[in-house]
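Read through the structure below, which is laid out as structure tokens, and then see the notes.
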Amino acid sequence: MATLSRSRTRQLRPVTLLIPLGIALLVGALVVLPLWIAAALVAGLIVVTLTIIEPAFGLYAAILSVPVQEVVSLPAGLTVTQAVVFLAFSTWILRVLAHPERKLGLRLLAPWLLFLGVQVASIVFTPYSKIEGLLQFARWVASFLAFLLALGTITDRRRAWGLLIALLLGPAIAALIGLFQFVTASAPASFLILGGRFARAYATFGKPNPFAGYLNMSWPLAVVLAGFFISAKRRENLEPRTKNLTEEQANKGTKEQSTETLPSPTATDAEAGGGLGKGSGVRASSSVLGSRFLVLIFTGFAFLLLAGLFASYSRGGWIGSIAGLAVLAIVTGRRTAALFGLFVIVGLLVGLLGAFSLLPAALTDRLQTITDNLRIFDAGQVSVTPDNFAIVERMAHWQAGWRMFSAYPLFGVGAGNFNVAYPEFFVAPWATSQGHAHNYYIHTLAETGIFGLLSYLLLIGAMVREALRARRRLDGSVWGLAGVGVCGIIAAVAGHNIFENLHVLNMGIQLSGVWALSIIAQRWTDDPASA
């Protein structure tokens, strides 16, 4: 036994010696390196440590890193977001292998694998660059791994709340940055609007359109949750009044009449409204503070995200938001449909004010050009002016993408090869590619053909089905409304994708977390009223 103990001591001694050595090297590096590099190093070490301890933290970090992924460049074109996803997934896989008896709870693998399989087929058959195809495939693989990671690590409500907050916090921080740019006109000259007094917000995304797309991946979730907690707070405030009134009527001998005229709060209402009623005053005070905090947090998220979306001045983003709001109205019910009708009336009022020159000309011009984006025309036959430049350029890319699909209808020119193939298919004089077709559906047809588009739509349809199922099975709960928010996000992204490619800059990591949320929520159908 003593020999065994001495052997273990000898084995552990090098490890124990390495720990202080590693700390000393880290401190030395922090002293020598520039401040921003030192801060990034410390943040990276914290993320790695937390991810090894709990892979769910790696998922949160990957989602939160989407707005800052370009700050640090990694070898082989790898982004910080992708690196964190691969680290967290590897850690989770090791835990799965160590505990093979645990259920994984993975769902919707078939549509994902079909979509990825079509991507591979397009790379195999491409006459262009297979390297570009593999790089694009790696981005989708990272999104798929993030989806699996969410399903595998978010195993209880506490972790689910962490996921939900991460999905809203990252976009909210980006919105704050964008609003600062908007108010202070801190942007390139081409982004200045309203006479140079303001600037189109773009946060850390380089351009306003992807920034708006990123916000469209979050605001519907914030809006429905804000509505949920505001309603719960109202019920919470109403309950003591109803209880006191009922007691007074009972003392007067009118208890039977009051029972017929005044609905008493249900158990579900009490739970949703904070659980006031029984319990000590301390518990009641804590519940009131908690419900107020939730109202403040989610209302703040909703305001920031919608304000940032407006500040982007992105026509495609605005159209996407209208699509998202319409779906929220349809899925939620008649009250929200009435709110959507009010939104439409406000939109018509804005149009009338613009017609009578009661709004800033720059804003009315921006709104008017939305209809111009919906017209189909031949970009090669239009005289280009500063006013129609962006619209004609977008149409030229639509036409180039359609030409690629016409030439390679089954599997396209190959995933990631739009830029490579563009010189053979461009519409004169638009010889310079902007990186994508300015329409994700045409872009998908161009790169992966009809099979690519069908597999993508199948994947989206599967996600919509799960979100609607969560809405139906968890009706009246916070997680059921999260399913509604997921539907709104899918619709907003789908609408915005008519004018943009939002599956760039690793925003697919954010979207994968959103998709997984509605599946995760269904694990708690045994207690639908509980948040």
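Okay, so the sequence shown: first residue is 810 according to the numbering used here, each after it adds one.
Just so you know, even glycine gets a beta-carbon here, dropped at the ideal spot from N, CA and C.
Source: prediction; values computed, not measured.
Secondary structure of Phe-1220, DSSP reduced to three states: As a working mapping, residue 1220 is identified with position 411 in the sequence shown. The answer is coil: DSSP assigns Phe-1220 none of H, G, I, E or B.
Alpha helix (DSSP H) segments (min. 4 residues) lying fully within the stretch 1118-1147: 1124-1141
Whole runs of the alpha helix (DSSP H) within the stretch 1211-1295, excluding any shorter than 4 residues: 1227-1234, 1249-1282
Assigned exposure category for Leu-1326 - 16 Cβ within 10 Å defines buried: Looking up residue 1326 in the sequence shown gives position 517. By the neighbour-count rule (16 or more Cβ atoms within 10 Å), Leu-1326 is buried.
Contacts around Gly-853, its chain only, beta-carbon distance under 7 Å, and the 5 residues preceding and following it disregarded: Taking the first residue of the sequence shown as position 1, residue 853 is located at position 44. If we look at Gly-853 and ignore the five residues flanking it on each side, it has no Cβ neighbours.
Contact belief for Asn-1025 with Val-1302 at Cβ below 8 Å, rounded distance in angstroms: By 1-based counting over the sequence shown, the position of residue 1025 is 216. By 1-based counting over the sequence shown, the position of residue 1302 is 493. Indeed, because the Cβ distance is near 6 Å, the residues count as touching under 8 Å.
DSSP state of Ala-994 mapped onto helix, strand, coil: Counting from one through the sequence shown, the residue named residue 994 turns up at place 185. Coil, per DSSP.
Integer Cβ distance of Ile-1002 from Tyr-1122, believed to fall under 8 Å: In the sequence shown, residue 1002 corresponds to position 193, counting from 1. In the sequence shown, residue 1122 corresponds to position 313, counting from 1. 6 Å between Cβ atoms; contact.
Close beta carbons around Trp-1333, own chain, < 6 Å, minus the five adjacent residues each side: Translated into positions along the sequence shown, residue 1333 becomes position 524. Cβ within range, chain order: n/a, list empty.
Trp-949 versus Ser-938, Val-929, Arg-968, Leu-960, residue with shortest Cα-Cα distance: Taking the first residue of the sequence shown as position 1, residue 949 is located at position 140. Among Ser-938, Val-929, Arg-968, Leu-960, the Cα nearest to that of Trp-949 belongs to Val-929.
Minimum Cβ-Cβ distance from Leu-1262 to chain B less than 8 Å: Within the model displayed, chain B is absent; a lone protein chain is all it includes.
Residues sharing a beta bridge with Ile-1002, DSSP: What you label residue 1002 is simply residue 193 of the sequence shown in a count that begins at 1. Paired residues: Phe-1007.
Simplified DSSP state of Gly-1015, which is helix, strand or coil: Mapped onto the sequence shown, residue 1015 falls at position 206. Gly-1015 falls in the coil class under three-state DSSP.
Short Cβ contact (8 Å threshold) for Val-1236 with Ala-1209: As a working note, residue 1236 is residue 427 in the sequence shown. As a working note, residue 1209 is residue 400 in the sequence shown. Cβ distance < 8 Å, so Val-1236 and Ala-1209 count as in contact.
Sequence-distant residues of the same chain with beta carbon closer than 7 Å to Ser-874, five excluded per side: The count along the sequence shown starts at 1 and reaches residue 874 at position 65. Here the set comprises Val-889, Thr-890, Val-893.
Where Thr-1108 falls: helix, strand or coil (DSSP): As a working mapping, residue 1108 is identified with position 299 in the sequence shown. DSSP places Thr-1108 in helix when its eight states are reduced to three.
Three-state secondary structure assigned by DSSP to Phe-924: What you label residue 924 is simply residue 115 of the sequence shown in a count that begins at 1. Helix at Phe-924.
Beta-carbon proximity check, Val-905 vs Leu-913, cutoff 8 Å: Within the sequence shown, residue 905 is the residue found at index 96, counting from 1. Within the sequence shown, residue 913 is the residue found at index 104, counting from 1. For Val-905 and Leu-913, yes; Cβs fall inside 8 Å.
DSSP-derived helix/strand/coil call for Lys-939: Taking the sequence shown and counting its residues from 1, one reaches residue 939 at position 130. If DSSP states are grouped into helix, strand and coil, Lys-939 belongs with the helices.
Reduced DSSP secondary structure (H/G/I, E/B, other) of Thr-900: In the sequence shown, the residue the question calls residue 900 occupies position 91. Helix at Thr-900.
Buried versus exposed, by CB contacts within 10 Å (16 or more), His-1247: Residue 1247 sits at position 438 when you count from the first residue of the sequence shown. His-1247 should be labelled buried.
Assumed close pair Val-1033, Leu-1137 - CB separation to whole angstroms, cut-off 8 Å: If you number the sequence shown from 1, residue 1033 lands on position 224. If you number the sequence shown from 1, residue 1137 lands on position 328. Sure, about 7 Å apart at Cβ, within 8 Å.
At least 3 beta-carbon pairs within less than 8 Å: the stretch 1282-1300 vs the stretch 944-960: no
Val-851 versus Val-1193 - alpha carbon distance: As a working note, residue 851 is residue 42 in the sequence shown. As a working note, residue 1193 is residue 384 in the sequence shown. About 51 Å.
Whole-angstrom distance between Ile-932 and Pro-1218, CA atom to CA atom: Locating residue 1218 in the sequence shown gives position 409, counting from the first residue. Locating residue 932 in the sequence shown gives position 123, counting from the first residue. The alpha-carbon atoms of Pro-1218 and Ile-932 are separated by roughly 14 Å.
Cα-Cα separation between Phe-934 and Gly-926, rounded to whole angstroms: Residue numbering aside, residue 934 sits at position 125 when the sequence shown is read from its first letter. Residue numbering aside, residue 926 sits at position 117 when the sequence shown is read from its first letter. Computed Cα separation, rounded: 12 Å.
Given 8 Å, three or more beta-carbon pairs between the stretch 1219-1232 and the stretch 1257-1276: yes
Spatially closest choice to Ile-940 from Trp-1288, Gly-1304, Gly-1244, Val-1229, by CA coordinates: By 1-based counting over the sequence shown, the position of residue 940 is 131. Among Trp-1288, Gly-1304, Gly-1244, Val-1229, the Cα nearest to that of Ile-940 is on Val-1229.
Reduced DSSP secondary structure (H/G/I, E/B, other) of Thr-860: The count along the sequence shown starts at 1 and reaches residue 860 at position 51. Helix, per DSSP.
Helix, strand or coil at Ser-1327 [DSSP, three-state]: In the sequence shown, the residue the question calls residue 1327 occupies position 518. Residue state, collapsed to three classes: helix.
Span separating the alpha-carbon of Glu-863 from that of Glu-1233: To locate residue 863, count along the sequence shown from 1; it is residue 54. To locate residue 1233, count along the sequence shown from 1; it is residue 424. Those two C-alpha atoms are separated by around 49 Å.
Burial state of Phe-910, where buried means 16 or more other Cβ atoms lie within 10 Å: As a working note, residue 910 is residue 101 in the sequence shown. Rather than Phe, the amino acid found at residue 910 in this sequence is Glu. Counting Cβ neighbours within 10 Å, Glu-910 comes out exposed, since fewer than 16 surround it.
As assigned by DSSP and simplified to three states, the class of Phe-1038: Against the sequence shown, residue 1038 aligns to sequence position 229. In the structure shown, Phe-1038 sits in a helix (DSSP, three-state: H, G or I).
Val-981 burial status per 10 Å Cβ neighbour count (16 or more: buried): Stepping through the sequence shown from its first residue, residue 981 is reached at position 172. Before going on, a small fix: residue 981 reads as Ala here, not Val. Ala-981 should be labelled buried.
Reduced DSSP category for Asn-1025 - H, G, I as helix; E, B as strand; rest coil: Sequence index remark: in the sequence shown, residue 1025 carries index 216 (1-based). In this structure, Asn-1025 counts as helix in the three-state DSSP scheme.
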